[in-house]
Amino acid sequence: MNMTHIYGIVAHPVSHSLSPIMHNAAFKSLGIDAEYRAFDVKPEDLGAFMKILYKENIYGLNISMPHKEAVMDYVETDDIAKDIGAVNTIFRENDKFVGTNTDWIGIIEPLLKRTELKDKKVMIVGAGGAAKAACYGLKKQGADVVVVNRTYDHAESLATKFGLKASKDPIEAEIIINCTCVGLENPEKSPVKEEVFLYAQIAFDVIYGGSETKFIRDAKRAGALTISGEEMLLHQGYACFEGWTGKKAPKEVMQESITEA
Numbered sequence: 004m005n006m007t008h009i010y011g012i013v014a015h016p017v018s019h020s021l022s023p024i025m026h027n028a029a030f031k032s033l034g035i036d037a038e039y040r041a042f043d044v045k046p047e048d049l050g051a052f053m054k055i056l057y058k059e060n061i062y063g064l065n066i067s068m069p070h071k072e073a074v075m076d077y078v079e080t081d082d083i084a085k086d087i088g089a090v091n092t093i094f095r096e097n098d099k100f101v102g103t104n105t106d107w108i109g110i111i112e113p114l115l116k117r118t119e120l121k122d123k124k125v126m127i128v129g130a131g132g133a134a135k136a137a138c139y140g141l142k143k144q145g146a147d148v149v150v151v152n153r154t155y156d157h158a159e160s161l162a163t164k165f166g167l168k169a170s171k172d173p174i175e176a177e178i179i180i181n182c183t184c185v186g187l188e189n190p191e192k193s194p195v196k197e198e199v200f201l202y203a204q205i206a207f208d209v210i211y212g213g214s215e216t217k218f219i220r221d222a223k224r225a226g227a228l229t230i231s232g233e234e235m236l237l238h239q240g241y242a243c244f245e246g247w248t249g250k251k252a253p254k255e256v257m258q259e260s261i262t263e264a
């Protein structure tokens, strides 16, 4: 008897996530017997949740804030996840779960659609899982990256890991990427002051929600091109879907599903 394969996103909070809409639309369009669910898991409950995986019909997971680094204690990891130091995707390989990372694809692809990245001055704001993925991808592209974080030690540690630079204060940059969760719960908050965007050509906010973040609004006012978290969601999602199913992602279907949500 065929059992429906279960996939899902593990995050806290998770109610804002468009991943279930996007992946369920993709499964339906290709006639795949699978269901994608949202799992709201608090940090203190992550270990217990991960133990349940082996008893359930779960074949793949997305891992989002705040679990991208902590989840590495519970799964094997491929070379990409090891290099980045964070996991956003888990797939089932026989009787084990393996963590990888497609966030870097979600960050790099939307940028490459708009500009070349070699030698571009990029400021990454944040030092968590998304920032690690951004550093990994931008380093591969030859960008000139500076990491800024409210806790400088964390910025310095991340920059050192990838052979990049860190700064205590925001810098003049052509591309600014918000890799913090500031703006997720309160879209009226931004991790940087408005004047930071005066020199920016592109501003990329990796988070998304019901309303436009202050980060994006400030960037638009300054005349920068903006990229919202929905684009990152889509591009990392295409890679996840293809890794899980072995089938080409129905990109138009996935894009339409989150546009209509």
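All residue numbers for the sequence shown refer to the working numbering, where the first residue is 4 and numbers rise by one. In this text, a Cβ means the ideal position worked out from N, Cα and C, and glycines have one as well.
Inset, instruction - Take every Cβ of the stretch 148–166, pair it with every Cβ of the stretch 201–210, and state whether three or more of those distances are shorter than 8 Å. - result: These segments do not touch.
Legend entry - Proximity below 8 Å, CB of Y77 to CB of W247: Here residue 77 refers to the residue found at position 74 of the sequence shown. Here residue 247 refers to the residue found at position 244 of the sequence shown. No, these two residues do not count as a Cβ contact at 8 Å.
Legend entry - Helix, strand or coil at N27 [DSSP, three-state]: Mapped onto the sequence shown, residue 27 falls at position 24. If DSSP states are grouped into helix, strand and coil, N27 belongs with the helices.
Legend entry - Close beta carbons around Q204, own chain, < 8 Å, minus the five adjacent residues each side: For the purposes of this step, residue 204 is identified with residue 201 of the sequence shown, where counting begins at 1. Here the set comprises T118, E177, I178, A227, L228.
Inset, instruction - Indicate whether I66 and V13 have their beta-carbon atoms separated by less than 8 Å. - result: Mapped onto the sequence shown, residue 66 falls at position 63. Mapped onto the sequence shown, residue 13 falls at position 10. Contact annotation: I66 and V13 have beta-carbon atoms nearer than 8 Å.
Inset, instruction - Measure the Cβ-Cβ separation of I174 and A136 and say whether it is below 8 Å. - result: Walking along the sequence shown from the start, residue 174 turns up at place 171. Walking along the sequence shown from the start, residue 136 turns up at place 133. Not closer than 8 Å, so no.
Inset, instruction - Leaving out five residues on either side along the sequence, give the residues of the same chain with a beta carbon under 7 Å from the beta carbon of S231. - result: Taking the first residue of the sequence shown as 1, we reach residue 231 at position 228. Cβ neighbours of S231 beyond the five flanking positions: D208, Y211, I219.
Legend entry - First and last residue of the uninterrupted beta strand (DSSP E) at Y39: Taking the sequence shown and counting its residues from 1, one reaches residue 39 at position 36. 37–43 is the span of the beta strand (DSSP E), which, as asked, contains Y39.
Legend entry - Assigned secondary structure, R117 (DSSP; H/G/I helix, E/B strand, else coil): Locating residue 117 in the sequence shown gives position 114, where the first residue counts as 1. Three-state result, R117: coil.
Legend entry - Nearest residue (CA-CA) to V18, options L115, Y241, K45: Indexing the sequence shown from 1 puts residue 18 at position 15. Looking at the sequence itself, residue 18 is Ser, so the reference to Val does not match. Checked all of L115, Y241, K45; the closest Cα to S18 is K45.
Inset, instruction - Report yes if the CB atom of H238 is closer than 8 Å to the CB atom of P113, and no otherwise. - result: Here residue 238 refers to the residue found at position 235 of the sequence shown. Here residue 113 refers to the residue found at position 110 of the sequence shown. Yes.
Legend entry - Inter-residue Cα distance where the pair is S20 and F42: Translated into positions along the sequence shown, residue 20 becomes position 17. Translated into positions along the sequence shown, residue 42 becomes position 39. Their backbone Cα atoms lie some 10 Å apart in a straight line.
Legend entry - DSSP three-state assignment for D172, whether helix, strand or coil: Your numbering for residue 172 matches position 169 in the sequence shown. Three-state DSSP puts D172 in coil, outside helix and strand.
Inset, instruction - Could you round the C-beta distance between G186 and T154 to whole angstroms and report it? I think they count as a contact, below 8 Å. - result: Numbered from its first residue, the sequence shown carries residue 186 at position 183. Numbered from its first residue, the sequence shown carries residue 154 at position 151. Between T154 and G186 the Cβ distance is about 18 Å, and since that is not below 8 Å, they are no contact.
Legend entry - Minimum Cβ-Cβ distance from V125 to chain D less than 8 Å: In the structure shown, chain D does not exist; there is a single protein chain.
Legend entry - Cβ-based burial, E79 [other Cβ within 10 Å; buried from 16]: Working through the sequence shown from its first residue, we reach residue 79 at position 76. E79 comes out exposed.
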